[in-house]
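Engineer: Mind having a look at this structure? Questions to follow.
In the numbering used here, the protein residues as written are 2 to 705.
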């Protein structure tokens, strides 16, 4: 062994062994702190103190020797360190012996504080008020809730706030932050215990907060027996340097903070359309150098969004179309007055359609449509924009007409006039219908990718379905699309050109290209071909042996795609888990498994995906019989096809670190996010565990 083994942190060495990344050396914390010159002589040595230890090849043997017997010098130093940590044996505590009544009241007070903090964290609410003085009418939610609890519960009211003995109210901001920190650490502790030193994957993304700080969020993904795939938020870190090396160090430091070893890492996932895009290749390569089996699958949803962004940049007509859409929405959305006028026109249009019987009314139908603008990094935003534009097209035209009429004598009249001219052209309407239909095919995949339990096999199937539907549209649906456009133009009084006439590219000379050729060949076929090309090029990862092997393990239709050779090839991607002997055992297990799984009354019939396969293997206890198969299934489930969980973390961040809370500290923000996002895990953490953690963080006035 040529490097420090993280497994040494486990077992009897966990409480005193320290590793310095800078020195690449190991130390004994208790001996480093308490060893004196006299004790340094003889066979005690300085290997784990002054000189550090770097003999990795004999690491286990030297650690065992240093640990020694019960009477060893190391044990004496360890006992001294424990005495130092134990607040009950401190000199301050000895001088200030407290009665059981004081301790009981202190625990009641702390318990109530934790209850209030729980409520605020669970709901993502602020703690402090602008004015927390005695004569303030509103002191902030934390103090207001404490007063409310005291009024409702007499036993609590007697010991909190100004009724606390020795003015021990424990309501200062530092105490609040310590309680939040204790809540977060106990929540993370519960998550790590649930992981149980098993394999996991990481999902990473970056985003700017309200104060324009670059924040990196980390989510871990793992498989629990008899449960679905689990994704847990581990934390958020402010990153000043976003180079690949710096991001790798930040990720490793966060994992080490929670006693997670990178050697257990078996998957990476990153937000491909964010500002991380340019650094992903370097970061994933660095991690792969350390952990060769930590394979990276780019976020499918981001890649799907990037296909549209690339398409719009490569086709000038498409680029111009989306520019017109964005400018129209910006022009109307920039004014609250125009937004209100748009709503009024929608209401009038809806009433007209209801009277004519063209639409029906029911709960949830005919919702108000907004002006969502398309964004390069917002999943599915282009589809939603085009859908709304189609539905409220007449209302948009009416608003632009009003704007033009209101500014007849102003230079401002040219903007709405130009936009009206653009959106009331046949070509714009044709592109609007074309892209709405194209994005409709990929929208199913987009929505599926935002589910937490989505796996690679299902994503690949939906991707293939989207490509098949696009190809079918190209081959046989042009005429149907043209009829829809003709009908739409007729309803909105838009002039339809004669398709056999020349398409005017320039006022001075004829183009030699008919309208029919322009719309069918230069737009319809070209746009679909570009979209298919981008889908194929950006998702070329699905042709790899890794993902093909996963697809061959899919239980749908009684393992219709089963291919033993490809599954064996998949196992070879994990050499640490499958050596030559285990590969041979896996081959035998696969032969027995596929026969059993396809039997008429087998529980493996009618399974819907890989996660169902893992659950059934665990429920039937066949994970013990075919342990290598279960391990391979678990490793494939760790690979993630979308980073939706990280995106949700940033949504929570925007709620917690808002305009009114833009100066919240990094540690406090992380604590609030952990408890808010993982509220289900947080709910399982007892108040006693939080209180014990809080008491042990530093010397407290009252010892429990």
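Yeah, the Cβ is synthetic: ideal placement off N, Cα and C, and Gly gets one too.
Can you tell me which of 235, 639, 657 puts its alpha carbon nearest to the alpha carbon of residue 683?
Structural biologist: 235
Engineer: Counting pairs of Cβ atoms below 8 Å between the segment 173 to 182 and the segment 604 to 617, do you hit three or more?
Structural biologist: The segment 173 to 182, when compared against the segment 604 to 617, does not touch it at the 8 Å Cβ threshold.
Engineer: Which residue or residues does DSSP assign as beta-bridge partners of residue 688?
Structural biologist: Beta-bridge pairing links residue 688 to no other residue.
Engineer: Per DSSP, which residues does residue 249 bridge with? Please list them.
Structural biologist: According to DSSP, which records beta bridges pairwise, residue 249 is partnered with nothing at all.
Engineer: Quick check for students: name the residue ranges of the alpha helix (DSSP H) that lie wholly in the segment 100 to 171, counting only runs of 4 or more.
Structural biologist: 101 to 123, 142 to 153, 155 to 158
Engineer: Take the Cβ of residue 697 as the centre, count every other Cβ of all protein chains shown within 10 Å, and call the residue buried at 16 or more, exposed below.
Structural biologist: exposed
Engineer: Where do the ends of the beta strand (DSSP E) carrying residue 217 lie?
Structural biologist: 215 to 224
Engineer: May I ask which residues mark the beginning and end of the beta strand (DSSP E) holding residue 269?
Structural biologist: 266 to 271
Engineer: Using DSSP bridges, identify the partner residues of residue 204.
Structural biologist: 220, 270
Engineer: Compare the Cα-Cα distances from residue 171 to each of 194, 679, 109 and report the closest residue.
Structural biologist: 109
Engineer: Quick check on DSSP: helix, strand or coil for residue 236?
Structural biologist: The three-state reading of DSSP puts residue 236 in strand, counting E and B together.
Engineer: Considering Cα atoms alone, identify which of 466, 522, 132 is closest to residue 440.
Structural biologist: 466
Engineer: Pick out whichever of 488, 261, 263, 208 has its Cα sitting closest to the Cα of residue 241.
Structural biologist: 208
Engineer: What are the complete alpha helix (DSSP H) segments, minimum 4 residues, inside the segment 549 to 626?
Structural biologist: Counting only runs of 4 or more, we get 557 to 560, 565 to 572, 581 to 598, 611 to 620, 623 to 626.
Engineer: Quick check on this structure: which residue in 35, 331, 285 has the alpha carbon closest to the alpha carbon of residue 248?
Structural biologist: The shortest Cα separation from residue 248 among 35, 331, 285 belongs to 285.
Engineer: Answer yes if the segment 517 to 536 comes into contact with the segment 548 to 566, meaning at least three C-beta pairs across the two stretches below 8 Å, and no otherwise.
Structural biologist: By the Cβ test, the segment 548 to 566 is not in contact with the segment 517 to 536, since fewer than three Cβ pairs between them sit closer than 8 Å.
Engineer: Tell whether a beta-carbon distance below 9 Å holds between residue 115 and residue 568.
Structural biologist: No. Outside cutoff.
Engineer: Would you check if the distance between the CB atom of residue 672 and the CB atom of residue 26 is smaller than 9 Å?
Structural biologist: no
Engineer: Under 8 Å: does the beta carbon of residue 12 sit that close to some heavy atom of the ligand ADP?
Structural biologist: In terms of ligand content, the structure shown is empty, and the ligand ADP therefore cannot be addressed.
Engineer: Looking at the structure shown, is residue 28 part of a helix, part of a strand, or coil, going by DSSP?
Structural biologist: strand
Engineer: In this structure, how does DSSP classify residue 18 when only helix, strand and coil are distinguished?
Structural biologist: strand
Engineer: Around the C-beta of residue 85, are 16 or more other C-beta atoms found within 10 angstroms, so that it is buried, or is it exposed?
Structural biologist: exposed
Engineer: When the Cβ atoms of the segment 616 to 632 are set against those of the segment 590 to 607, are three or more pairs found closer than 8 Å?
Structural biologist: yes
Engineer: Going by DSSP, what residue range makes up the alpha helix (DSSP H) through residue 491?
Structural biologist: Per DSSP, residue 491 is one residue of the alpha helix (DSSP H) stretching across 479 to 492.
Engineer: Based on Cα-Cα distance, which residue from 495, 323, 332, 397 lies nearest to residue 347?
Structural biologist: 397
Engineer: Contact check, residue 646 vs residue 232 under 8 Å by CB: the rounded distance?
Structural biologist: With a Cβ gap of about 5 Å, residue 646 and residue 232 count as contacting.
Engineer: Helix, strand or coil: which one does DSSP assign to residue 517?
Structural biologist: helix
Engineer: Report the partner residues of residue 324 according to the DSSP bridge assignment.
Structural biologist: According to DSSP, which records beta bridges pairwise, residue 324 is partnered with nothing at all.
Engineer: Would residue 104 be called buried (16 or more neighbouring beta carbons within 10 Å of its own) or exposed?
Structural biologist: exposed
Engineer: Run through DSSP, which three-state label would residue 68 get?
Structural biologist: helix
Engineer: So residue 221 and residue 203 are supposed to be a Cβ contact under 8 Å. How far apart are they, rounded?
Structural biologist: 6 Å
Engineer: Write down the C-beta distance between residue 343 and residue 400 rounded to the nearest angstrom, noting that I regard them as a contact closer than 8 Å.
Structural biologist: The pair is a contact, with the Cβ atoms about 5 Å apart (cut-off 8 Å).
Engineer: For residue 549, which residues of its own chain have a beta-carbon under 6 Å away from its beta-carbon, when the five flanking residues on both sides are left out?
Structural biologist: 567
Engineer: Residue range of the alpha helix (DSSP H) that residue 669 falls in?
Structural biologist: 667 to 678
Engineer: Excluding the five sequence neighbours on either side, which residues of its own chain have a C-beta within less than 7 Å of the C-beta of residue 520, listed in chain order?
Structural biologist: 431
Engineer: I'd like to know whether the C-beta atoms of residue 621 and residue 604 end up nearer to each other than 9 Å.
Structural biologist: yes
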